[in-house]
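Please read the structure below before turning to the comments.
Number of protein chains: 2
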Amino acid sequence: MGQDNGRVDADPSMRWNGWGDPDKAKGLPLAVRTLLPLLLGRIRKPEPAVELAQVRVTPSTLSDDDLVVFRNAVGPQHVDVTAEGRIRHAGGRSTPDLLRRRQREQDVPDAVIRPANHDEVRACLDVAGRRGVAVIPFGGGTSVVGALDPERGDQHAVVSLDLRRLSGLIRLDEISGEAVLAAGTTGPEAESLLAAHGLELGHYPQSFRYATIGGFAAARSSGQNSAGNGRFDTMVTGIRVATPTGDIELGRSPGSAAGPDLIRVFLGSEGIFGVITEVRVRVHPIPRERVFESWSFPDFAAGAAGLRSVAQQGAGPTVIRLSDEAETAVSLAQVGKIGKALAKGASVVTVYEGEGIAERRARTGALLSAAGGTSAGEGAAEEWLQGRFDGPYLRDSLLDAGVFCETLETATTWSNLLELRTAVESALKEGFAEAGARSYVMCHVSHIYPTGASLYFTVLAGIRADPLAVWGPVKSRVNDAILANGGTISHHHAVGRDHAAWLEQEIGDTGIRILRAIKRELDPADILNPGAVISVERTR
Amino acid sequence: MGQDNGRVDADPSMRWNGWGDPDKAKGLPLAVRTLLPLLLGRIRKPEPAVELAQVRVTPSTLSDDDLVVFRNAVGPQHVDVTAEGRIRHAGGRSTPDLLRRRQREQDVPDAVIRPANHDEVRACLDVAGRRGVAVIPFGGGTSVVGALDPERGDQHAVVSLDLRRLSGLIRLDEISGEAVLAAGTTGPEAESLLAAHGLELGHYPQSFRYATIGGFAAARSSGQNSAGNGRFDTMVTGIRVATPTGDIELGRSPGSAAGPDLIRVFLGSEGIFGVITEVRVRVHPIPRERVFESWSFPDFAAGAAGLRSVAQQGAGPTVIRLSDEAETAVSLAQVGKIGKALAKGASVVTVYEGEGIAERRARTGALLSAAGGTSAGEGAAEEWLQGRFDGPYLRDSLLDAGVFCETLETATTWSNLLELRTAVESALKEGFAEAGARSYVMCHVSHIYPTGASLYFTVLAGIRADPLAVWGPVKSRVNDAILANGGTISHHHAVGRDHAAWLEQEIGDTGIRILRAIKRELDPADILNPGAVISVERTR
């Protein structure tokens, strides 16, 4: 477990076929084991996952000449052609990714290349372009949207460009509150480097322990403290990018009208336009104080109305999240006594850090009370903070027990929030029901804006057939429902390959043409992450 | 004068060769007339400006067939080929623009076309593309960077596309706090439409009375209330754009990770990619209360340190501005008794609106005091609010008196703020001195961010030669100094044609290639605003 002040150490050792540190994996809590058959019916234990050594990987299509030039670019010890290295870079951490990691045959990149700095990234792109090798930029490996699939497009081979050697604090401007971090710096590494100066970035997505600064930027991440610190987009004040056809440095000033904000072309580009090598971010002093308060609401709608007031009146919590009735019942049931007492209605967690905590808490509390909320003390909120990075471990235990578990998310305006939630929930339940599976859907709101909020769904299902075959159509149905009901295809998980077809609907033909035009200009040979964001068919 | 609660009525009747309502033009205050010879030496009265009827305009190169198709697109009464109509659309309101309006020969567009809605804009672009006619989108006509010059590029003619008939509140979502406004709605029209629902947009740039919602978006405007309400960029939650090759609607949710934020491709595009026809903006309840407080600092550096604390600790004023010693002395000297008492050191104006005013004022005040500021009551701040849209009237009077007057602006990080201010001030003074002109340079900070702030300069000069010939090289020298010293070429005036060469330096070759690639895709015939943002040479 992390340090219990909520700041955590670096821990890059990701389990090859599951989440996080293998030593932290744990069985299902008794409460969950008791609940599951009631919710999902009898569940069959799946075949045991294969061992790493048993996996048969696709043969490498890199020639010896290809390997020589990559070795020249980064040094021979940083070109990894072992089966284990390639398997560890075969994909991200969506449930389909993890199910594929349980299979005997696996599609993997032909090598893993580890450049040390911007110039080596530049050299790798030059080499890849000349040799016709596709490049999948790889940060923490935590994508849950297929952004790391070893797709080669029209190239003869594909390599994973592991960026974690680009690590460290490159520059710090304490007066302006800006830090330049190398793109491969992980969340905990960044916080530790900044903490030495009394500073914090304050970006805590669930992937925090593994994901990298460059990945946060490339995927438009949003963290648990977004109510106070903003989404990662808003923290970025500059970037340095190596594209196949030239470098670019952007971000001269905190506000500008010097043409379109080109930083925003690269935020969300998921490695299809270039490789982000440095990110300048806004930082702030480490908060000296942290205050917790949880709230209970009669139902999700009342809680959502409370969150809307808080967002629109700028009451100022650092964290605010609302769990619906289903999530409140299940997730609080496992965390202990305090949770159980609250496991009715919809629960809200608030955390306050930084300046003016007392006023901000008072203002937030007044608005939540006015919306029908009842303060429930600090215990449950504090427990949430302790366990906030551990959800993915639970998913591994569920998969081991044969329970399908996946998350997905969207966002919309406040006026459309309840309708969109219902539509997504129905699509999930009906989709699984058609496949003969019982399911349990939970939802929370964890990112609020004056004009709307995110919706994050966790679904459990008792699938008797091949879960990959069942989930595909259900996920498609949910994506259709999101777009038909006014949501965005992703609030913070990004597009990858899994959402590319729906992005096309969201931004339309003209939008895709803009992305394609930039892609053609910066990466004319289409070596960078083929098929991510824009499907390979649309790129051609 | 506008209503004295700071909200003002619509007033679209712009003086043809100066700023604003001709009836509101006023002579120079006695204090200024006394001061000018002391600052700038003896000034010769210029030739009187020509009358509108005396102006000789460039002959129209539109054929009768061209006119027929435009008349079919928008109705014959909305195609204006009169000399007056064309002169009124010949440029924006920079000082060079106004000096050119004083000349007998003027370069003007070949016609003014006034579409009524999105579909008519679409039809105009189709017609213009087919007939080889360049299109200059025209909102309030307040550009100060040459974005409205009637440049035809490779086309045989050029029309001004006046968008002010696209006016009105198209949709209002009171729950989400979002309004969709037609792009040609002016600032006062928008506020008046919203006020009927108890709502405010709260965007008050100096161009407020004339400029349009679409113009604010296209030029990345920032208003006087930016400390509280954010720059216009941050108010936009959606846009609808007609491009020469297709329409696009963007902005499904308040936060998204669905690829790069393409709204940002059009914000700051200044009409080169498409014509923004609708803008969805975040709105909020009209503040019930407004509190003023002015402050006095020993010098600019101390004031800047105060503003930095306020920005970095999120103290929350709605307006905060710092005038340097030169601006404090001159601008406060004219506003009356209260001003005179403060005309030493550097002055700060703060205004608080909305929720939690008492706490925000107390927090801000504590930080300004700690930085060496002394509270100076509400009077001067209230006087600033009364006169805040009147600066451009004063410029007209100065030009009539033979005094050159222009403004320019940039932004940078806090750590670089004083250095950049010195560099710009030196470039201005040295540039004028080399041309044998005495000058007086004033500076203020009016937009703050956690990581930096804007710098806005007003320069007066006693030029004996042709002011256009003198100003050109001085302005180039200043732009060079801005880029050499870490500033952005514009914080909120945008790029237009005047800054295009420097934008190229700011975003580099790869940045320009990105813009050009989008331009080629959306406007392959290059009919839209040729030479704005990207110079005509770079587009080819």
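From first to last, the protein sequence lines stand for chains P and W.
Following numbering that gives the first Met the number 0, the numbering of the first sequence begins with 0 at its first residue and continues without gaps.
Following numbering that gives the first Met the number 0, the numbering of the second sequence begins with 0 at its first residue and continues without gaps.
For each residue, glycine too, the CB sits at the ideal point set by N, CA and C.
Query - Residues bridged to Glu-382/W (per DSSP) - result: By 1-based counting over the second sequence, the position of residue 382/W is 383. Answer is none; Glu-382/W lacks a bridge partner.
Report task. Check the Cβ-Cβ distances between Ala-516/P and every residue of chain W, and say whether any is below 7 Å. Result -> Against the first sequence, residue 516/P aligns to sequence position 517. Yes, Ala-516/P lies at the interface with chain W (some Cβ there is under 7 Å from its Cβ).
**Report entry** Reference Ser-142/P; option with closest CA among Glu-269/P, Val-290/P, Gly-485/P
**Finding:** In the first sequence, the residue the question calls residue 142/P occupies position 143. Nearest C-alpha to Ser-142/P: Glu-269/P.
Query raised in the report: Using 7 Å as the limit for Cβ to Cβ distance, is Val-532/W near chain P?
Result: As a first step, residue 532/W must be located in the second sequence, where it is residue number 533. At least one chain P Cβ lies under 7 Å of Val-532/W.
**Report entry** Contiguous beta strand (DSSP E) assignments of at least 3 residues, all confined to the stretch 419–475 of chain W
**Finding:** 437–444, 451–461
Query raised in the report: By the criterion of Cβ-Cβ separation under 7 Å, what are the contact partners of Tyr-448/W in chain P?
Result: By one-based count along the second sequence, residue 448/W stands at place 449. Here the neighbours are Pro-253, Gly-254.
Query raised in the report: Which chain W residues sit within Cβ distance under 7 Å of Val-157/P?
Result: In the first sequence, residue 157/P corresponds to position 158, counting from 1. What Val-157/P touches in chain W: nothing, since even the nearest Cβ is about 22 Å away.
Query - Cβ-based contacts, 7 Å cut-off: residues of the stretch 486–509 of chain W near chain P - result: Gly-486, Thr-487, Ile-488, Ser-489, His-490, His-491, His-492, Ala-493, Val-494, Leu-502, Glu-505, Ile-506, Gly-507, Asp-508, Thr-509
Query raised in the report: DSSP on Gln-105/P, reduced to helix/strand/coil?
Result: Against the first sequence, residue 105/P aligns to sequence position 106. Note: Gln-105/P maps to strand in three-state DSSP.
Requested in this report: Compare the C-beta of Asn-412/W with all C-beta atoms of chain P and state if any pair is closer than 7 Å.
Outcome: The sequence position of residue 412/W within the second sequence is 413, counting from 1. For the sequence presented, residue 412/W should be read as Thr rather than Asn. Cβ-Cβ to chain P under 7 Å: yes for Thr-412/W.
Query raised in the report: When we look at the beta-carbon of Leu-51/P and count the other beta-carbons within 10 Å, is it buried (16 or more) or exposed?
Result: The residue given as residue 51/P occupies position 52 in the first sequence. That one is exposed.
Report task. Would you mind sorting Ser-453/P into buried or exposed? The rule is 16 or more other CB atoms within 10 Å of its CB. Result -> Along the first sequence, one-based indexing puts residue 453/P at 454. Buried: at least 16 other Cβ atoms inside 10 Å.
Query raised in the report: Would Arg-320/W pass as a contact of Val-348/W if the rule is Cβ separation under 7 Å?
Result: Within the second sequence, numbered from 1, the residue matching residue 320/W stands at position 321. Within the second sequence, numbered from 1, the residue matching residue 348/W stands at position 349. In this structure, Val-348/W lies closer than 7 Å to Arg-320/W by Cβ.
Query - Range covered by the alpha helix (DSSP H) that runs through Trp-501/P - result: Taking the first residue of the first sequence as 1, we reach residue 501/P at position 502. Looking at the DSSP string, the run of the alpha helix (DSSP H) that includes Trp-501/P is 499–521.
Query raised in the report: Can you tell me where the beta strand (DSSP E) with Ile-238/W in it begins and where it stops?
Result: As a working mapping, residue 238/W is identified with position 239 in the second sequence. 235–242 is the span of the beta strand (DSSP E), which, as asked, contains Ile-238/W.
Requested in this report: Run down chain P in chain order and give the residues with a C-beta less than 8 Å from the C-beta of Ile-174/W.
Outcome: For the purposes of this step, residue 174/W is taken as residue 175 along the second sequence, with counting starting at 1. Within chain P, the residues near Ile-174/W are Arg-307, Thr-412, Trp-413, Ser-414.
Query - Limits of the unbroken alpha helix (DSSP H) element including Phe-265/P - result: Position 266 of the first sequence, counted from the start, is the residue given in the question as residue 265/P. Residues 262–265.
Requested in this report: Would you kindly check if the distance between the Cβ of Ala-345/W and the Cβ of Gly-302/W is under 7 Å?
Outcome: On the second sequence, residue 302/W is found 303 positions in, with the first residue counted as 1. On the second sequence, residue 345/W is found 346 positions in, with the first residue counted as 1. Contact flag set, yes.
Query raised in the report: Nearest to Gln-223/P by CA position, among Tyr-203/P, Glu-104/P, Arg-239/P, is which residue?
Result: Here residue 223/P refers to the residue found at position 224 of the first sequence. The option with the nearest alpha carbon to Gln-223/P is Tyr-203/P.
Query raised in the report: Which of the three DSSP states, helix, strand or coil, is assigned to Leu-73/W?
Result: Locating residue 73/W in the second sequence gives position 74, counting from the first residue. Correcting the residue type first, residue 73/W is Val in the shown sequence and not Leu. Three-state result, Val-73/W: helix.
Query - Secondary structure, beta strand (DSSP E): runs of 3+ residues fully inside the stretch 82–166 of chain W - result: 110–112, 132–137, 156–161
Query - chain P within 7 Å of Pro-259/W, Cβ atoms only - result: Here residue 259/W refers to the residue found at position 260 when the second sequence is read from its first residue. Yes - at least one Cβ of chain P is within 7 Å of the one on Pro-259/W.
Query - Chain-ordered neighbours of Gln-311/W on chain P, where CB pairs are closer than 8 Å - result: For the purposes of this step, residue 311/W is identified with residue 312 of the second sequence, where counting begins at 1. Here the neighbours are Gly-176, His-283.
Requested in this report: Could you tell me which residues DSSP puts in a beta bridge with Glu-248/W?
Outcome: Mapped onto the second sequence, residue 248/W falls at position 249. DSSP, once it has assigned bridges, lists Arg-239/W as partnering Glu-248/W.
Query raised in the report: Which residues share a DSSP beta bridge with Tyr-351/P?
Result: The residue labelled residue 351/P in the question sits at position 352 within the first sequence. BP columns for Tyr-351/P point to Val-290/P.
Report task. Within 10 angstroms of the Cβ of Glu-424/W, are there 16 or more other Cβ atoms? Answer buried if so, exposed if not. Result -> By 1-based counting over the second sequence, the position of residue 424/W is 425. Buried: at least 16 other Cβ atoms inside 10 Å.
Query raised in the report: What distance in whole Å lies between the Cβ atoms of Pro-523/P and Thr-244/P, which are believed to be in contact at a cut-off of 8 Å?
Result: What you label residue 244/P is simply residue 245 of the first sequence in a count that begins at 1. What you label residue 523/P is simply residue 524 of the first sequence in a count that begins at 1. Thr-244/P to Pro-523/P, Cβ: 7 Å. Contact.
Query raised in the report: Taking all protein chains shown into account, do 16 or more other C-beta atoms lie within 10 angstroms of the C-beta of Thr-317/P, making it buried, or fewer, making it exposed?
Result: Your numbering for residue 317/P matches position 318 in the first sequence. Buried, because 16 or more other Cβ atoms sit within 10 Å of the Cβ of Thr-317/P.
Query raised in the report: Below 7 Å between beta carbons: does that hold for Tyr-448/P and Gly-254/W?
Result: Here residue 448/P refers to the residue found at position 449 of the first sequence. Here residue 254/W refers to the residue found at position 255 of the second sequence. Their beta carbons are under 7 Å apart, which means Tyr-448/P touches Gly-254/W by this criterion.
Requested in this report: Rounded to whole angstroms, what's the CA-CA distance from Asp-79/P to Asn-71/P? Just pull it up for me.
Outcome: Start at 1 with the first residue of the first sequence, and residue 79/P comes out as number 80. Start at 1 with the first residue of the first sequence, and residue 71/P comes out as number 72. So the alpha carbons of these two residues sit roughly 13 Å apart.
Query - Closer than 7 Å to chain W by CB, Ser-268/P - result: Within the first sequence, residue 268/P is the residue found at index 269, counting from 1. For Ser-268/P, the answer is yes, since a Cβ of chain W falls inside 7 Å of its Cβ.
Query raised in the report: In this structure, what does DSSP give as the bridge partners for Ile-319/P?
Result: Position 320 of the first sequence, counting from 1, holds the residue named residue 319/P. According to DSSP, which records beta bridges pairwise, Ile-319/P is partnered with Thr-349/P.
Report task. Pick helix, strand or coil for Leu-61/W, following the three-state DSSP scheme. Result -> Position 62 of the second sequence, counting from 1, holds the residue named residue 61/W. Of the three classes helix, strand and coil, the one that applies to Leu-61/W here is coil, per DSSP.
Query raised in the report: For the alpha helix (DSSP H) that contains Phe-207/W, what are its first and last residues?
Result: Mapped onto the second sequence, residue 207/W falls at position 208. Here Phe-207/W belongs to no alpha helix (DSSP H), and DSSP marks it neither H nor E.
**Report entry** Three-state secondary structure (DSSP) of Thr-50/W
**Finding:** As a working note, residue 50/W is residue 51 in the second sequence. According to the sequence displayed, residue 50/W carries Glu and not Thr. DSSP places Glu-50/W in coil when its eight states are reduced to three.
**Report entry** Three-state class that DSSP yields for Leu-37/W in the structure shown
**Finding:** Position 38 of the second sequence, counted from the first residue, corresponds to residue 37/W. Helix.
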